[in-house]
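Here's the structure, in structure tokens; my notes come after.
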Amino acid sequence: MPEVFVTAEQVKHGKPAPDAYLLGAERLGLPAGECAVVEDAPAGLLSGLAAGCRTIAVNVPADAPRLGEADLVLSSLEDLVVERQTDGVVNVRLKA
257 MPEVFVTAEQ VKHGKPAPDA YLLGAERLGL PAGECAVVED APAGLLSGLA AGCRTIAVNV
317 PADAPRLGEA DLVLSSLEDL VVERQTDGVV NVRLKA
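Each residue of the sequence shown is one higher than the one before, starting from 257 at the first, in this note's numbering.
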């Protein structure tokens, strides 16, 4: 289970509003811009963008609004590498 878990019942407005991602960032003690959102739904992508998070769209329909604004657009997570550093920072990158 993740250290921080936010559910729809904990926020006033669900996706595509940014509330859930903003609450998650707050609970992590991080600015939203230092958080990465991994989404497979257009509403979730819009939510992450509205929150000011880094966004990774996975298998999101090509005609999804604002898809071109995502930091990464992937067809699957297979090419994504997530590494936790000793200082707790998590780096996300594409496989070389």
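Think of the CB as a built atom: it goes at the ideal place given N, C-alpha and C, for glycine as much as any other residue. Keep in mind the model is a prediction, meaning the values are calculated, not measured.
> Is the stretch 287-306 in contact with the stretch 321-336, if contact means three or more CB pairs nearer than 8 Å?
Replying inline: yes
> Over what stretch of residues does the alpha helix (DSSP H) that includes Ala281 continue unbroken?
Replying inline: Asp275 to Leu284
> Of all the options Asn315, Leu286 and Val316, which has the alpha carbon lying nearest to the alpha carbon of Ala307?
Replying inline: Leu286
> Which residues in the same chain as Ala288 place their Cβ atom closer than 7 Å to its Cβ, once the five residues preceding and following it in sequence are excluded?
Replying inline: Tyr277, Leu278, Ala281, Ala307, Gly308 and Cys309
> If Val267 sits next to Glu295, beta carbons under 8 Å apart, how far is it from one beta carbon to the other, in whole angstroms?
Replying inline: Not confirmed; about 16 Å, so no contact.
>> I need the straight-line Cα distance from Pro258 to Val348, nearest angstrom please.
In response: Between the C-alpha atoms of Pro258 and Val348 there is a straight-line separation of about 17 Å.
> Does DSSP classify Leu302 as helix, strand or coil?
Replying inline: helix
>> Spatial neighbours of Gln341 within its chain, please: C-beta separation below 7 Å, excluding the five flanking residues on both sides.
In response: Asn347
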